[in-house]
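Colleague: Reminder that position 236 of the sequence shown reads as 235 in numbering that gives the first Met the number 0, one-by-one numbering, no gaps.
We treat Cβ as the ideally placed atom computed from N, Cα and C, and that holds for glycine.
Quick caveat, the model's predicted, so the values are computed rather than measured.
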Amino acid sequence: MKSSIIKKLQYIKNKYDNIQSKLLNSSVSLDTNQISHLRKELAKVSTLSYLFSKWRRIVKEIDSIKILLNDQEMKDMAEKELRIFQMEKRNIENKIKFSLISEDIEDKRNCFLEIKAGTGGKEASIFVGELFRMYSKYSEICGWKTEIISMQVRNQYGGYKEIVAKILGKNSYGKLKFESGGHRVQRIPETESQGRIHTSSCMVAVFAEVERREIYKIRSSDLRIDKFRSSGAGGQHVNTTDSAIRITHIPTKIVVECQDERSQHKNKSKALSVLLARIKSLEEKKNQKKHSLEKKILFGSGERSDRIRTYNFHKNRITDHRINLTLYKLSEIMNGNLDMLIDPILKRYRDEKISSLFGE
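1. Taking the DSSP output, what are the residues bridged to N311?
2. Using only the alpha-carbon positions, how far apart do K136 and E146 sit?
3. If you reduce the DSSP assignment to three classes, tell me which class G180 lands in.
4. Looking only at its own chain, which residues have a Cβ that is under 6 angstroms from the Cβ of L8, when we skip the five neighbours before and after it?
5. For L81 and I64, what's the separation of their Cα atoms in angstroms?
6. Here's a check: name, in chain order, each residue in its chain whose Cβ is nearer than 6 angstroms to the Cβ of I344, leaving out the five neighbours to either side.
7. Where do the N-terminal and C-terminal ends of the beta strand (DSSP E) with I100 fall, by residue?
8. Taking the beta carbon of Q258 as the centre, do at least 16 other beta carbons fall within 10 Å, making it buried, or is it exposed?
9. Does the pairing of the region 106 to 126 with the region 160 to 170 give three or more beta-carbon distances under 8 angstroms?
10. Relative to the C-alpha of R56, which residue among D221, V27, M76 and E87 is closest?
11. Return the chain-ordered list of same chain residues with a C-beta closer than 6 angstroms to the C-beta of E40, the five sequence neighbours on each side being excluded.
12. On a CA-only basis, which of K121, S2, G128 and S262 is nearest N334? Give me that one, please.
13. Looking only at its chain, what residues have a beta carbon closer than 8 angstroms to the beta carbon of I100, apart from the 5 residues adjacent to it on each side?
14. If you draw a straight line from the C-alpha of A270 to the C-alpha of V255, how long is it?
15. Where does G335 sit, in a helix, a strand or coil, going by DSSP?
16. Judging by CA-CA distance, which residue of E78, M150 and D16 is the nearest neighbour of D62?
17. With C-beta atoms as the reference, is R380 less than 7 angstroms away from H313?
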């Protein structure tokens, strides 16, 4: 294994030993919450700590057996034992590899899906609704729940300026995190009399839900909270009270609205959860080291301006530009069968991660 991986595994082993020591040390006073937190941390590193310890023992055995190869009387037996231990070493390294590239902790979380109309006017706003329907169908297939946070309707177009939703379900962020970026649509509009293909675009952003206990505290002085009346769908509970909420995070200028609930308190809670997720995402993007691999896979990090996919309705064709994948199954995909696009992206990500870690 690469020295960088051995160093990482040694760090994990040391962390495991330190936590174990704290839990077993009767002289250290820990409350229930601290014990619970330490046990969770221990569970995260226990598998790799065990595998690394076993790997080191096998490496020592192999080194000892190699010495016996110089002894003519012991050579045959030593060669047999060496093959056995080398096979065991490869098996352990494969298990270590799998553990290192397994899902990030955030992958198991719920996520927020934000779809915004880009260039293209009417067609772009219509495509916002179609993309939302596609992701909603996919959510149903996966057994997840889709909860609308806000919808901004473009009444004159019969489409949407923006839709923000929460996707609740195990691994929803892990499956959808690479959907962020520019989605381009090509088709002949119904109003186009000369059969010309028009090009429009939408921007998609996916954020992992932030746990309230996490250290992403926002000072109240950094927030501006405006109350207004719900209007239009999402909007579905239109009323005459100021139940809708708009929260502005002054330092980052991030603005989040929620008007889907009758309760002002619920709207505020939903808007704040979206705001926390967006602030966290923004902070993480500043950390180049943490996201260098994702940026490599996404050829630019999934920023909204990056075109990741083109939907050509005229030819029933869809192309993911990041991995040069083209499928002539657009109608199926728009009905929620997204795994044929998502799985190849995730496989590429895993392959690149293996290559990055192990130099394969």
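Modeller: This is what the structure gives:
1. Q185 and R316
2. 13 angstroms
3. strand
4. F51
5. 6 angstroms
6. F177
7. That residue, I100, is in no beta strand (DSSP E); it is neither H nor E in DSSP.
8. buried
9. yes
10. E87
11. I18
12. G128
13. R349, K352, I353 and L356
14. 6 angstroms
15. coil
16. E78
17. There is no way to answer for residue 380, as the model of the chain reaches only from 0 to 359.
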